[in-house]
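*Asks:* First to last, the sequence lines map onto chains A and B. Take 0 as the starting number for the first sequence in numbering that gives the first Met the number 0 and just add one per residue. Take 0 as the starting number for the second sequence in numbering that gives the first Met the number 0 and just add one per residue. Ideal Cβ positions, reconstructed from N, Cα and C, are used throughout, including at glycine.
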Amino acid sequence: MLAHLPILQVIVPLMAAPACLILRRPQLVWMFTLLASALAFIISILLLQQVMQTGTISYELGGWSPPWGIEYRIDKLNAFIALIISGVSTVVLLAAQTSIEKEIPQDKHTLFYILYLLSLTGMLGIVTTGDAFNVFVFLEISSLSAYSLIALGRDRRALWASFQYLIMGTIGATFILIGIGLMYQMTGTLNMADLATRLPEVAETRTVTTAYVFFIVGVCLKLALFPLHLWLPNAYAHAPSIVTAFFAATSTKVAAYLLIRFTFSIFGVSFSFTTLPMETLFLGLGLLGIFVASTVAIYQDNIKHVFAYSSVAQIGYMIVGFSMSTNAGLSAMLLHVFNHALMKGALFLALGAVLYRVGSTQLRDFQGLGRQMPLTMAAIVLAGLSLIGVPLTVGFVSKWYLVVAAIEKGWWPVAGLVLLASLLAVVYVWRIVETAYFKAPVVGKELVQEAPMTFLIPVWILVSANVYFGIDTRISVDIATAAAQSLFGVVP
Amino acid sequence: MNLSLATLLQLCILLPIFATLGIVALRRHQNLREAVSIGTSVLVFYAVVSIYLGLQGGATIDVNWLQILPGLSLSFSVEPLGMIFSLIASFLWFVTIVYAIGYMRGHNEDHQTRFYCCFAIAIGSVMGVAFADNLFTLFIFYEILTLSTYPLVTHAGTEAAKKGGRVYLGILLTTSIGFFLFAILGTWVIAGTLDFTQGGVFPAGANTAVLGFILVLFIFGIGKAAIMPFHRWLPAAMVAPTPVSALLHAVAVVKAGVFTVMKVCVLIFGIDLLSVLPTTQSLLYLAGATVLLASVIAMRQDNLKARLAYSTVGQLGYITIGALLASSMGVVGGSMHIAMHAFGKITLFFCAGAILVAVHKSKVSQLDGLGRRMPITMTAFFIASLGIIGIPPAGGTWSKWYLLMGTMDTQQWIILVILLISSLLNIAYLLPISMRAFLFKDPTSNAAVGIKEAPLPCLIAIGITTVGCIALFIYPQPLYELASSILQTSSIAHGQ
Numbered sequence: 000m001l002a003h004l005p006i007l008q009v010i011v012p013l014m015a016a017p018a019c020l021i022l023r024r025p026q027l028v029w030m031f032t033l034l035a036s037a038l039a040f041i042i043s044i045l046l047l048q049q050v051m052q053t054g055t056i057s058y059e060l061g062g063w064s065p066p067w068g069i070e071y072r073i074d075k076l077n078a079f080i081a082l083i084i085s086g087v088s089t090v091v092l093l094a095a096q097t098s099i100e101k102e103i104p105q106d107k108h109t110l111f112y113i114l115y116l117l118s119l120t121g122m123l124g125i126v127t128t129g130d131a132f133n134v135f136v137f138l139e140i141s142s143l144s145a146y147s148l149i150a151l152g153r154d155r156r157a158l159w160a161s162f163q164y165l166i167m168g169t170i171g172a173t174f175i176l177i178g179i180g181l182m183y184q185m186t187g188t189l190n191m192a193d194l195a196t197r198l199p200e201v202a203e204t205r206t207v208t209t210a211y212v213f214f215i216v217g218v219c220l221k222l223a224l225f226p227l228h229l230w231l232p233n234a235y236a237h238a239p240s241i242v243t244a245f246f247a248a249t250s251t252k253v254a255a256y257l258l259i260r261f262t263f264s265i266f267g268v269s270f271s272f273t274t275l276p277m278e279t280l281f282l283g284l285g286l287l288g289i290f291v292a293s294t295v296a297i298y299q300d301n302i303k304h305v306f307a308y309s310s311v312a313q314i315g316y317m318i319v320g321f322s323m324s325t326n327a328g329l330s331a332m333l334l335h336v337f338n339h340a341l342m343k344g345a346l347f348l349a350l351g352a353v354l355y356r357v358g359s360t361q362l363r364d365f366q367g368l369g370r371q372m373p374l375t376m377a378a379i380v381l382a383g384l385s386l387i388g389v390p391l392t393v394g395f396v397s398k399w400y401l402v403v404a405a406i407e408k409g410w411w412p413v414a415g416l417v418l419l420a421s422l423l424a425v426v427y428v429w430r431i432v433e434t435a436y437f438k439a440p441v442v443g444k445e446l447v448q449e450a451p452m453t454f455l456i457p458v459w460i461l462v463s464a465n466v467y468f469g470i471d472t473r474i475s476v477d478i479a480t481a482a483a484q485s486l487f488g489v490v491p
Numbered sequence: 000m001n002l003s004l005a006t007l008l009q010l011c012i013l014l015p016i017f018a019t020l021g022i023v024a025l026r027r028h029q030n031l032r033e034a035v036s037i038g039t040s041v042l043v044f045y046a047v048v049s050i051y052l053g054l055q056g057g058a059t060i061d062v063n064w065l066q067i068l069p070g071l072s073l074s075f076s077v078e079p080l081g082m083i084f085s086l087i088a089s090f091l092w093f094v095t096i097v098y099a100i101g102y103m104r105g106h107n108e109d110h111q112t113r114f115y116c117c118f119a120i121a122i123g124s125v126m127g128v129a130f131a132d133n134l135f136t137l138f139i140f141y142e143i144l145t146l147s148t149y150p151l152v153t154h155a156g157t158e159a160a161k162k163g164g165r166v167y168l169g170i171l172l173t174t175s176i177g178f179f180l181f182a183i184l185g186t187w188v189i190a191g192t193l194d195f196t197q198g199g200v201f202p203a204g205a206n207t208a209v210l211g212f213i214l215v216l217f218i219f220g221i222g223k224a225a226i227m228p229f230h231r232w233l234p235a236a237m238v239a240p241t242p243v244s245a246l247l248h249a250v251a252v253v254k255a256g257v258f259t260v261m262k263v264c265v266l267i268f269g270i271d272l273l274s275v276l277p278t279t280q281s282l283l284y285l286a287g288a289t290v291l292l293a294s295v296i297a298m299r300q301d302n303l304k305a306r307l308a309y310s311t312v313g314q315l316g317y318i319t320i321g322a323l324l325a326s327s328m329g330v331v332g333g334s335m336h337i338a339m340h341a342f343g344k345i346t347l348f349f350c351a352g353a354i355l356v357a358v359h360k361s362k363v364s365q366l367d368g369l370g371r372r373m374p375i376t377m378t379a380f381f382i383a384s385l386g387i388i389g390i391p392p393a394g395g396t397w398s399k400w401y402l403l404m405g406t407m408d409t410q411q412w413i414i415l416v417i418l419l420i421s422s423l424l425n426i427a428y429l430l431p432i433s434m435r436a437f438l439f440k441d442p443t444s445n446a447a448v449g450i451k452e453a454p455l456p457c458l459i460a461i462g463i464t465t466v467g468c469i470a471l472f473i474y475p476q477p478l479y480e481l482a483s484s485i486l487q488t489s490s491i492a493h494g495q
């Protein structure tokens, strides 16, 4: 049984999805989905343990040995990412039943859970597989279910947002497919490990460069790297709250994983950072993304938009770490992938609670919420402080590693800019705090109650994780640095 | 009760923070709630004094809470400078609570529970700053101090208060995250440690240009030290109730700033290294300019609290100068001035608050003849003014004396002249207040009006701090010993 964990990671949610159709009753379906996601979470914990102890696991699908058969290859990097995805998915699901009650019509509930499971399957599949074409297949599974999930949002703007995402996402997926196709053409293999050994022989050709560029642009579209982020804010703002919380914490992380995987373990650092000017390009885009998106976030009136733009900015931080192409920079990026999932999961879930009670996430509707929903607002404040990077939260740990990595590389101005950018986060978080705590509720408006426990428990699980991993950093830092080291160990 | 010194040290930080629970629980019973505040402040002061006595006996303290990142831990220890700071802060906290009870009730302020809670957290974090064993711990408590004082600054809840609060938070967070944290990270990368170490942490061959840059980041980043151009938050914070201005902006917050500057100069750079850095000289001149400009601006302020606020900016410059002089005399003078200025300035603020509560006046030009109506308050004001200016019989004399010696030691003649001119300016903006009160006639009152002093708790507090000003003139010995041992006691700082 333990030997089959890599495939179970994907098969469990995949098989659970159609099984939902048999159950039909929403309550049951919800519990079943939760169970499936929790199982996936347990599997990913076991996998990570195995990988940390014994090293990379290779699983041959159907007994066909690679490079002919499909291989599932689990190393520290993807075990870590799979843990984040399945963990956040499980916690977020705790609130799903309550949340969609008000946001999605009753008859679509089963459909919602099926799509959710498929989306989870897709993401876990992208992460675990060791086959380049498999990546594309799972990418399509996760994307198609994502478009439909976003379209389930409560007003018609969700349709438009979903359509925007559909167009951009399809372009991205096509680019990725073209990239993979070109790689296959040059090397005759789709197995990632095999690709890594064969690509250097043909690295000097223009075709390989083209393949890399197509692939990376496609991934960056999915990643919502500035300026390819245009689909993201609307998709996050108009999707059902649960979907936003889930995607904000996970979907861009999957793209970040692909970026790391293909750049570091398949094409290799020397190809991407020496042959091609990726360092300047990513550093520039990352910094621009941080500043532009954070500034735009300050001027948004819908809080979901605020945090959506903030997500774009946070991706900028990750990319800055990526662009350093050093061990420290990559560790910082991976840490931020983990930490950002915790922050944004907590924030968007708490916004879901606000939406559930107040019916809106416009800034003006936050007036007086500090007293009416004290626990929810306290969660938003704490997660917001983490987003800013206040000490004793995870945000501080990521910033610390990122800035230290920048200084070690000798990039003093970058270090300064990264710190200054945190101040923009102070502004947009503070707007919410001031409105919620210092403004009296609008006269004549109905007072609302604290969010139900089904929201508070998952929100506070995530908020506590923000604080816990900000104080006891051993687990996250160890895994992130080990993963980064293994990537630099593999690559010559 | 026989608690170990390490326990006492942790109690200093934790007691005020746990006291908030008691304050919240007793929010419906005013007297009990204030009793919690007073009781805690007495206990904390008792603990600090016990630590002081234990330290005199040669004991060392090292407390380690937890390790956050490899090599970075939340840990505490005691050294003379922190001792000075914690003694002053805990003592003046007690006095301020007494004063605040009189003031807040006399002034019918709202949200008193929130007020006392934030006050307690602020003091807990001041203790954390004072006892921090490394820059990382110091930084964390520095930030908690900023955040916990924000609700105090915006206490009134008016538009002006919110605006002041925004400036306050904006400047302090910008400088601390943008520069201070940057400097800490730079130190971490170059030195590999953030522990306060006698003689500094930087390796011998480090690039002095880079270190000079880091020093600039530190000086600007420690915004609480109010070096121009990052001093605007101090006048902005004057929208707070007077006890807040008194304790936090004459004692705790600003002193946390200069204390940090002092610590960084002495225990991160070390005065030997500091004296050869290329930027030290310009920073000295900047601090000198701050002293002069702030004094000039103070002269032009008619609002009493604003005048005192700018006076604080100037006096903080003295302490920064003391640290940057990079001589033992400068360090002694600067650290003594932390104490002297604390007692003088808190008395002045107490008096300003007393005037506001008793006769509802806040402008210097309205104070004519007030000496007859509020003789005790105005006498105290006069004595404290002398302390700030630095003439006997108040403690400020000694610290300014050593600072001047420090400038001569290092042959900083320009700074010497600046300090002398500034003392004259101090006279020019402080003494006229007392003169108006005692020598001028109140134009509005026709006949003799009776004495109308502030509530009794306020007067008691004013009395205590005024006596403190004088006592520090007569018995500066213990303070001097602590200050002069800052540079020598590596054994106490790290128990080697």
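Contact defined as beta carbons within less than 8 Å: I believe residue 130/B pairs with residue 81/B. What is the distance between those atoms, to the nearest angstrom?
*Replies:* Translated into positions along the second sequence, residue 130/B becomes position 131. Translated into positions along the second sequence, residue 81/B becomes position 82. 5 Å between Cβ atoms; contact.
*Asks:* Where does residue 75/B fall in DSSP's three states?
*Replies:* Taking the first residue of the second sequence as 1, we reach residue 75/B at position 76. Note: residue 75/B maps to strand in three-state DSSP.
*Asks:* Suppose the cutoff is 7 Å on Cβ atoms and the five residues either side in sequence are ignored; what does the same chain contact list for residue 149/B look like?
*Replies:* Start at 1 with the first residue of the second sequence, and residue 149/B comes out as number 150. Counting only Cβ-Cβ distances below 7 Å, and skipping sequence neighbours, we find 164, 167, 168.
*Asks:* Does the count of Cβ pairs from the segment 375–395 of chain B and the segment 467–475 of chain B closer than 8 Å reach three?
*Replies:* The segment 375–395 of chain B is in contact with the segment 467–475 of chain B.
*Asks:* Would you give the residue range spanned by the alpha helix (DSSP H) that residue 36/A belongs to?
*Replies:* By one-based count along the first sequence, residue 36/A stands at place 37. Looking at the DSSP string, the run of the alpha helix (DSSP H) that includes residue 36/A is 25–53.
*Asks:* DSSP three-state label for residue 360/B, please.
*Replies:* To locate residue 360/B, count along the second sequence from 1; it is residue 361. Residue 360/B: coil per DSSP, three-state reduction.
*Asks:* With DSSP as the reference, label residue 115/B as helix, strand or coil.
*Replies:* Residue numbering aside, residue 115/B sits at position 116 when the second sequence is read from its first letter. Residue state, collapsed to three classes: helix.
*Asks:* From the beta carbon of residue 414/A, is the nearest beta carbon of chain B less than 8 Å away?
*Replies:* Numbered from its first residue, the first sequence carries residue 414/A at position 415. Closer than 8 Å: yes.
*Asks:* Please state the DSSP three-state secondary structure of residue 458/A.
*Replies:* Here residue 458/A refers to the residue found at position 459 of the first sequence. The answer is helix: DSSP assigns residue 458/A an H, G or I state.
*Asks:* Taking only runs of the alpha helix (DSSP H) that begin and end inside the segment 396–457 of chain B, which ones reach a length of at least 4 residues, in chain order?
*Replies:* Within the segment 396–457 of chain B, the complete alpha helix (DSSP H) runs of at least 4 residues are 412–438.
*Asks:* Taking the alpha carbon of residue 83/B as the point to measure from, which residue in 128/B, 62/B, 105/B has its own alpha carbon closest?
*Replies:* For the purposes of this step, residue 83/B is identified with residue 84 of the second sequence, where counting begins at 1. When only C-alpha atoms are compared, the closest one is 128/B.
*Asks:* Could you tell me whether the segment 399–412 of chain A touches the segment 320–329 of chain A, where touching means 3 or more Cβ pairs closer than 8 Å?
*Replies:* Yes, they touch.
*Asks:* Using a Cβ cut-off of 8 Å (strictly closer), state whether residue 399/A contacts chain B.
*Replies:* Mapped onto the first sequence, residue 399/A falls at position 400. For residue 399/A, the answer is yes, since a Cβ of chain B falls inside 8 Å of its Cβ.
*Asks:* Might you give, ordered along the chain, the residues of its own chain that have their beta carbon closer than 6 Å to the beta carbon of residue 347/A, omitting 5 neighbours on each side?
*Replies:* Looking up residue 347/A in the first sequence gives position 348. Correct list, in chain order: 243, 244, 247.
*Asks:* Straight-line CA distance for residue 193/A to residue 229/B?
*Replies:* For the purposes of this step, residue 193/A is identified with residue 194 of the first sequence, where counting begins at 1. For the purposes of this step, residue 229/B is identified with residue 230 of the second sequence, where counting begins at 1. Roughly 58 Å separates the two Cα atoms.
*Asks:* Please classify residue 206/B: is it buried, with 16 or more other beta-carbons within 10 angstroms of its beta-carbon, or exposed?
*Replies:* Translated into positions along the second sequence, residue 206/B becomes position 207. Classification for residue 206/B: exposed.
*Asks:* Assign residue 448/A to buried or exposed, taking buried as 16 or more other Cβ atoms, counted over all protein chains shown, within 10 Å of its Cβ.
*Replies:* Locating residue 448/A in the first sequence gives position 449, where the first residue counts as 1. Its Cβ having fewer than 16 others within 10 Å, residue 448/A is exposed.
*Asks:* Counting only runs that start and end within the segment 312–377 of chain B, where is the beta strand (DSSP E) found for 3 or more residues in a row?
*Replies:* The segment 312–377 of chain B contains no whole beta strand (DSSP E) run of 3 or more residues.
*Asks:* Which bits of chain A does residue 185/B rub up against, with CB to CB less than 7 Å?
*Replies:* Here residue 185/B is taken as the residue at index 186 of the second sequence, counted from 1. Ordered by position in chain A, the residues that pass the 7 Å Cβ test against residue 185/B are 406.
*Asks:* Just curious, the beta strand (DSSP E) that residue 64/B is in, first and last residue?
*Replies:* Here the question's residue 64/B lines up with position 65 in the second sequence. From DSSP, the beta strand (DSSP E) with residue 64/B extends over 61–68.
*Asks:* If you follow the alpha helix (DSSP H) that residue 322/A is part of, which residue opens it and which one closes it?
*Replies:* One-based indexing of the first sequence puts residue 322/A at position 323. Element bounds for residue 322/A: 302–322.
*Asks:* What does residue 161/B reach in chain A if we use C-beta pairs closer than 7 Å?
*Replies:* The residue given as residue 161/B occupies position 162 in the second sequence. Within 7 Å Cβ-Cβ: 437.
*Asks:* Measure how close the beta-carbons of residue 355/A and residue 97/A come, nearest whole angstrom, since I'm counting them as under 8 Å.
*Replies:* Residue numbering aside, residue 355/A sits at position 356 when the first sequence is read from its first letter. Residue numbering aside, residue 97/A sits at position 98 when the first sequence is read from its first letter. Yes, they are in contact, since the Cβ atoms of residue 355/A and residue 97/A sit about 7 Å apart, within 8 Å.
*Asks:* For the segment 451–469 of chain A, enumerate the residues whose C-beta is nearer than 9 Å to any C-beta of chain B, in chain order.
*Replies:* Result list: 469.
*Asks:* Sorted by chain position, which residues of the same chain lie with C-beta nearer than 6 Å to residue 453/B's C-beta, five sequence neighbours on each side aside?
*Replies:* Against the second sequence, residue 453/B aligns to sequence position 454. Excluding positions up to five away in sequence, the list reads 353, 356, 357.
*Asks:* Against chain A, does residue 204/B count as a neighbour if the rule is that its beta carbon must be under 8 Å from one of theirs?
*Replies:* As a working note, residue 204/B is residue 205 in the second sequence. No, its Cβ sits nowhere closer than 8 Å to a Cβ of chain A.
*Asks:* Any beta carbon of chain B sitting closer than 8 Å to that of residue 472/A?
*Replies:* Taking the first residue of the first sequence as 1, we reach residue 472/A at position 473. Judged by the 8 Å Cβ criterion, residue 472/A is in contact with chain B.
*Asks:* Name the residue from 333/A, 426/A, 100/A whose alpha carbon lies nearest to the alpha carbon of residue 398/A.
*Replies:* Taking the first sequence and counting its residues from 1, one reaches residue 398/A at position 399. Among 333/A, 426/A, 100/A, the Cα nearest to that of residue 398/A belongs to 333/A.
*Asks:* Determine, for residue 67/B, whether the minimum Cβ-Cβ distance to residues of chain A falls below 8 Å.
*Replies:* Position 68 of the second sequence, counted from the start, is the residue given in the question as residue 67/B. Closer than 8 Å to some Cβ of chain A, the Cβ of residue 67/B qualifies, so yes.
*Asks:* Please state whether the Cβ-Cβ distance between residue 185/A and residue 208/A is less than 8 Å.
*Replies:* Looking up residue 185/A in the first sequence gives position 186. Looking up residue 208/A in the first sequence gives position 209. Contact flag unset, no.
*Asks:* Find out if the Cβ-Cβ distance for the pair residue 334/B, residue 485/B is shorter than 8 Å.
*Replies:* As a position in the second sequence, residue 334/B is number 335, starting the count at 1. As a position in the second sequence, residue 485/B is number 486, starting the count at 1. In contact: residue 334/B and residue 485/B (Cβ atoms closer than 8 Å).
*Asks:* Please look up how many angstroms separate the CB atoms of residue 414/B and residue 291/B, rounded, as I've assumed it's under 8 Å.
*Replies:* Within the second sequence, numbered from 1, the residue matching residue 414/B stands at position 415. Within the second sequence, numbered from 1, the residue matching residue 291/B stands at position 292. The Cβ separation is near 11 Å, so there is no contact.
*Asks:* Kindly give me the distance between the Cβ atoms of residue 43/A and residue 92/A, rounded to whole angstroms, as I take these residues to be in contact under 8 Å.
*Replies:* Along the first sequence, one-based indexing puts residue 43/A at 44. Along the first sequence, one-based indexing puts residue 92/A at 93. With a Cβ gap of about 15 Å, residue 43/A and residue 92/A do not count as contacting.
*Asks:* Got a sec: is the Cβ-Cβ distance from residue 156/B to anything in chain A below 8 Å?
*Replies:* Here residue 156/B corresponds to residue number 157 of the second sequence, with the count starting at 1. For residue 156/B, the answer is yes, since a Cβ of chain A falls inside 8 Å of its Cβ.
*Asks:* Please check the pair residue 85/A and residue 40/A, which I expect to be a contact at CB under 8 Å, by giving their CB distance rounded to whole angstroms.
*Replies:* Residue mapping note: residue 85/A aligns to position 86 of the first sequence, counting from 1. Residue mapping note: residue 40/A aligns to position 41 of the first sequence, counting from 1. Their Cβ separation, rounded to whole angstroms, is 4 Å, which keeps residue 85/A and residue 40/A in contact under 8 Å.
*Asks:* How long is the line joining the alpha carbons of residue 422/A and residue 161/A, rounded to whole angstroms?
*Replies:* Taking the first sequence and counting its residues from 1, the one referred to as residue 422/A is at position 423. Taking the first sequence and counting its residues from 1, the one referred to as residue 161/A is at position 162. Roughly 32 Å between the two C-alpha positions.
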